[in-house]
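Structure, as structure tokens:
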Amino acid sequence: MRAVGEPDPALLDTSVVVENLRTDAETGLNAHEAARRLVVAGPNDIELAASVPGWKKILGQFRSPLIYLLLTALLASLVVWAVDGADEWPVDALVIGVILVLNAALGYGQQAHAEHAVDALARMTATTATVVRDGVECRVAAREVVPGDVLLLAEGDAVAADGRLLSADGLEVLEAALTGEGEPVRKDPRTRAEPTTLGEQVNMVFKGTAVAKGVGRAVVTATAMGTRTGQIASLVRTVDDAATPLQREIAWASRVLGIAVLVLGVVVIASIFLVFGIHSVHDVITAVLLGVSLAVAAVPEGLPAIMSLVLALGTRRMADANAVVKELSSAETLGSASVVCSGKTGTLTTGEMTIVRVLTPVGEVTVTGDGYRPEGRFEHDGAPLREGESLWRQTALVLGDNGQDSDEVLREQDGRPLAAGDPVEAAFSVARTKFGTRSQRMPASATKGDPDTVLERCTYLRIGDRLEPLDDSSRATIRRDAQRLTGDALHAVAVACPAPDGPLTYVGMVGITDPPRPGAATAIADAHRAGVRVVMITGDQPRAAARIARELGIADDESAVSGAEIAGLDDDQLRQTVRRHSQYTQLDPAQKLRIIAALQSDHEIVAVTGEGISDAPALKSADIGIAMGRSGTDVAKEAAKMILADDNFATIVRAIREGRGIFSNIKKSLRYLLSSNMGEVLTVFFGAVLAGAIGLSQAHTVALPLLATQILWINLLTDGAPALALGADPQTEDLMSQPPRAVSERVIDRRMWNNIIVIGASVAAATLFTIHLYVPGGPMPSSIDTARTAGFTVLVLAQLFNTLNARSETQSAFRGLGANGWLWAAIVFSAALQVAVVQLPFLNTAFTTEPLSLSQWLVCVAASSTVLWVSEIRKIILRRNHQLCGG
Numbered sequence: 004m005r006a007v008g009e010p011d012p013a014l015l016d017t018s019v020v021v022e023n024l025r026t027d028a029e030t031g032l033n034a035h036e037a038a039r040r041l042v043v044a045g046p047n048d049i050e051l052a053a054s055v056p057g058w059k060k061i062l063g064q065f066r067s068p069l070i071y072l073l074l075t076a077l078l079a080s081l082v083v084w085a086v087d088g089a090d091e092w093p094v095d096a097l098v099i100g101v102i103l104v105l106n107a108a109l110g111y112g113q114q115a116h117a118e119h120a121v122d123a124l125a126r127m128t129a130t131t132a133t134v135v136r137d138g139v140e141c142r143v144a145a146r147e148v149v150p151g152d153v154l155l156l157a158e159g160d161a162v163a164a165d166g167r168l169l170s171a172d173g174l175e176v177l178e179a180a181l182t183g184e185g186e187p188v189r190k191d192p193r194t195r196a197e198p199t200t201l202g203e204q205v206n207m208v209f210k211g212t213a214v215a216k217g218v219g220r221a222v223v224t225a226t227a228m229g230t231r232t233g234q235i236a237s238l239v240r241t242v243d244d245a246a247t248p249l250q251r252e253i254a255w256a257s258r259v260l261g262i263a264v265l266v267l268g269v270v271v272i273a274s275i276f277l278v279f280g281i282h283s284v285h286d287v288i289t290a291v292l293l294g295v296s297l298a299v300a301a302v303p304e305g306l307p308a309i310m311s312l313v314l315a316l317g318t319r320r321m322a323d324a325n326a327v328v329k330e331l332s333s334a335e336t337l338g339s340a341s342v343v344c345s346g347k348t349g350t351l352t353t354g355e356m357t358i359v360r361v362l363t364p365v366g367e368v369t370v371t372g373d374g375y376r377p378e379g380r381f382e383h384d385g386a387p388l389r390e391g392e393s394l395w396r397q398t399a400l401v402l403g404d405n406g407q408d409s410d411e412v413l414r415e416q417d418g419r420p421l422a423a424g425d426p427v428e429a430a431f432s433v434a435r436t437k438f439g440t441r442s443q444r445m446p447a448s449a450t451k452g453d454p455d456t457v458l459e460r461c462t463y464l465r466i467g468d469r470l471e472p473l474d475d476s477s478r479a480t481i482r483r484d485a486q487r488l489t490g491d492a493l494h495a496v497a498v499a500c501p502a503p504d505g506p507l508t509y510v511g512m513v514g515i516t517d518p519p520r521p522g523a524a525t526a527i528a529d530a531h532r533a534g535v536r537v538v539m540i541t542g543d544q545p546r547a548a549a550r551i552a553r554e555l556g557i558a559d560d561e562s563a564v565s566g567a568e569i570a571g572l573d574d575d576q577l578r579q580t581v582r583r584h585s586q587y588t589q590l591d592p593a594q595k596l597r598i599i600a601a602l603q604s605d606h607e608i609v610a611v612t613g614e615g616i617s618d619a620p621a622l623k624s625a626d627i628g629i630a631m632g633r634s635g636t637d638v639a640k641e642a643a644k645m646i647l648a649d650d651n652f653a654t655i656v657r658a659i660r661e662g663r664g665i666f667s668n669i670k671k672s673l674r675y676l677l678s679s680n681m682g683e684v685l686t687v688f689f690g691a692v693l694a695g696a697i698g699l700s701q702a703h704t705v706a707l708p709l710l711a712t713q714i715l716w717i718n719l720l721t722d723g724a725p726a727l728a729l730g731a732d733p734q735t736e737d738l739m740s741q742p743p744r745a746v747s748e749r750v751i752d753r754r755m756w757n758n759i760i761v762i763g764a765s766v767a768a769a770t771l772f773t774i775h776l777y778v779p780g781g782p783m784p785s786s787i788d789t790a791r792t793a794g795f796t797v798l799v800l801a802q803l804f805n806t807l808n809a810r811s812e813t814q815s816a817f818r819g820l821g822a823n824g825w826l827w828a829a830i831v832f833s834a835a836l837q838v839a840v841v842q843l844p845f846l847n848t849a850f851t852t853e854p855l856s857l858s859q860w861l862v863c864v865a866a867s868s869t870v871l872w873v874s875e876i877r878k879i880i881l882r883r884n885h886q887l888c889g890g
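Numbering-wise, the sequence shown is residues 4 to 890 according to my numbering.
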């Protein structure tokens, strides 16, 4: 980055730039001076983010309102334990502590795993550079390049630093990563007369770009954060990460639960005092202990661990499907996305330029096959092109031969061919292989390029075996051919070669396309079915963008909106535009940000894909930024929250499905935990309020339906394994047939609150009814301890039945009953522990329980199962209402 007042090297003569940098244009720096400058300037690295110590990352796992609530519950548990005499282990406090540590470990582990994956992707893209030092060419690590180094640039090289060109021979540089412009930029070392935009600084080269063709020399003017890439990275670092939708929802739910827990404790204690009265200090302690224990039990302490488990499982499945999520909390965000703003090249398309038409003065040829694999053939009027005929010979001239072998313009990566330099040259190389001959060699000085530019330099026209002067009529015909290709959304490239006496001769032109990825149209259809709108943002020409949009089903006859049109719209007009249009072309980074902001202001949750340095601000400002793993720059990967290892749009749709599954399973766990906890709360509350009717009020004795130790045991037993097993539940509904959840939709919505109250009331009714059966003077009289043990058992078993209810809001619990083996294992394990607490003598003493007979056990099972039947009736009503409403 230039200091204020420092001259722009693009406006200075090369000799002045070299003198200012105290170097030599021919011999470069000497090794000693280069080493000294490396110490002063530092490594030529982009500081993507400030380094965070491990201990801060661990503490960061505890920054959550829900965690704060659990810490409060832990302290309250310790107070209860201490007041109660501290005779036994503080089991509930220990359980909460273990859950907090487990949650932190899961979060830290996933973050570290994602960082390792990102580092691995960065190592795959690490570069070297060729410099001149002490007058000798040498290859050094790109991070060791310093200001004043003389860079040697050749086709396929990554530009290691910003530099002022000293010389250029046919040098073209791909600057899409920095500017978004897909076409290579022709470089010219001549001094610019006046300041220009970044894309027009043709006498400069920039870090993070790549040489498409030609050779050149440049003196390094800036490295590391002083480069244009570094400036963007600095900008990205100033943007704060916004909380994800899930984080916002859990924070809201935690505040609500915190208030509810406080009110609950006060109400329960007050109710006990009012109903039973206070006759001794022991009564006060009993009431307070029960109130605090119940408040602690009402907190779903298993939720953080469940969330971390669900997110970790989801992110692992995403990673297996080539979507690397950097933070656990971001995994669900994609499932909430209502709009995906995607680039075109390499994401919706293969990124493999393909020649599909050849137009010559003697006829037209169609080329079949897509991409860089040499599979396909040349056809004329639907039949294979015959070797030896005039059109065949003319086509061979158009394809020509630039003297390069295919492995010079193509390279293999993960078993897939990729362009090593200019993608247009790669397209010609593949077409020559399909054509199957090199007999018609084109001289190395042959010209390819924009038809108008090529025609300006041509004198003759080749028609078969003869040459004719290129007159105005022929030029007009050729231009119409170019317009025809452009009208068909193809990139037109004209070809000319020297005539025997020197002047250039036009031989024909090709139409090039970047074909859609296999499966992209299906993935977009799946996204639309799920209510997710796909918006295409590309640097291509509007016609090419519109063709791809039509082929993939993004838009029908809709025209693309250009950056120039966006520039003329105010914020309100832009908001109306983004509601109607789904394809945009030739946008600068600021315009991308405006589009994202307009969508977000319309209450959309926006996912954005990107690969270039110029995409980084958009990736950072989106609700979830998705960087390309193969073609993406380090700056883009750092700004994003998710990285596509395969650069494939279909992977995004699979990740959306996974993200929705994550949120669905979190809701299942919440539905289960809160409805079960509600059952405990209502049992104690109404057990106290209705003590006389139930038979618990005898001789002014505080005979509560449950004891504090029993409540804590229920909390430990049912909030543990069953809730965790629900987090791993396979999907019970077709989530991709439903629209994305609205920004205003609460994680605990009205329907869930209704479920919590209905199920909680059912659990409490079954528990209190069972207690009433066995209290002294009840229908099946026994002791208070037996009655309380039966109610205690019903409450546990009812919550285990409730795990089956919680798997779906509307579908029957009997659908897919055996799909989750972990859940059944958790149910059996928890039930076995409850049997032990009831039947084993030493546990009878610890939990004040009495062994139950077989008939009493059968009554408990029957009573607890009512929660299942109540839920089934409710679901039938919900399904019928949904059908009546046209759903």
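We treat Cβ as the ideally placed atom computed from N, Cα and C, and that holds for glycine.
Since the model is a prediction, treat every value here as computed from it, not as a measurement.
According to DSSP, is residue i part of a helix, a strand, or is it coil?
i, result
"Pro387", "strand"
"Glu29", "coil"
"Met755", "helix"
"Pro420", "strand"
"Leu507", "strand"
"Val750", "coil"
"Phe817", "coil"
"Ile774", "helix"
"His494", "strand"
"Met739", "helix"
"Met228", "helix"
"Ile1", "Only positions 4 to 890 of the chain appear in the structure, and residue 1 is not among them; the question remains open."
"Asp788", "helix"
"Thr525", "helix"
Would you please state the rounded distance, in angstroms, between the beta carbons of residue i and residue j? I believe it to be under 8 Å.
i, j, result
"Thr212", "Glu178", "5 Å"
"Val841", "Thr796", "6 Å"
Among the options, which has the Cα closest to the Cα of residue i?
i, options, result
"Glu330", "Ser311, Gly346 and Asp152", "Ser311"
"Glu471", "Gln814, Leu77 and Pro506", "Pro506"
"Asp425", "Thr489, Val271, Arg532 and Val218", "Val218"
"Leu32", "Lys671, Ile646, Ser332 and Glu140", "Glu140"
"Asn23", "Pro150, Leu156, Thr353 and Gly682", "Pro150"
"Thr869", "Ile272, Lys644, Val692 and Ala801", "Ala801"
"Arg389", "Thr348, Phe850 and Gly439", "Gly439"
"Arg167", "Asp11, Leu316 and Val291", "Asp11"
"Leu871", "Val841, Arg189, Leu803 and Arg657", "Leu803"
For residue i, which residues from the same chain have a beta carbon less than 6 Å from its beta carbon, with the 5 sequence-adjacent residues on both sides left out?
i, result
"Ala548", "Thr541, Ala563, Gln586 and Thr588"
"Pro420", "Tyr375 and Leu413"
Residue i bridges to which residues according to DSSP?
i, result
"Arg251", "Paired residue(s): none; Arg251 is not in a bridge."
"Cys344", "Val538 and Val611"
"Lys3", "The structure shown has nothing for residue 3, since the chain only spans 4 to 890."
"Ile358", "Ile515"
"Gly233", "Note: Gly233 sits in no beta bridge, so no partner."
"Ala479", "Paired residues: none, contrary to the question."
"Glu367", "Leu362"
"Ile466", "Arg469"
Which same chain residues, not among the five before or five after residue i, have their C-beta less than 7 Å away from its C-beta?
i, result
"Ala932", "Given a span of 4 to 890 for the chain in the structure shown, any question on residue 932 remains unanswerable."
"Trp84", "Pro93 and Ala96"
"Leu887", "none"
"Ser170", "Pro192, Gly219 and Arg220"
"Ala764", "Leu685"
"Val143", "Thr131, Ala132 and Val134"
"Val656", "Ala526, Asp529 and Ala530"
Near residue i, which residues of its chain fall below 8 Å by C-beta distance, leaving aside the five closest residues on each side in sequence?
i, result
"Lys216", "Glu158, Gly173, Leu174, Glu175, Pro187, Gly424, Asp425 and Glu428"
"Val1", "Residue coverage of the chain in this structure runs from 4 to 890, which leaves residue 1 outside it and unanswerable."
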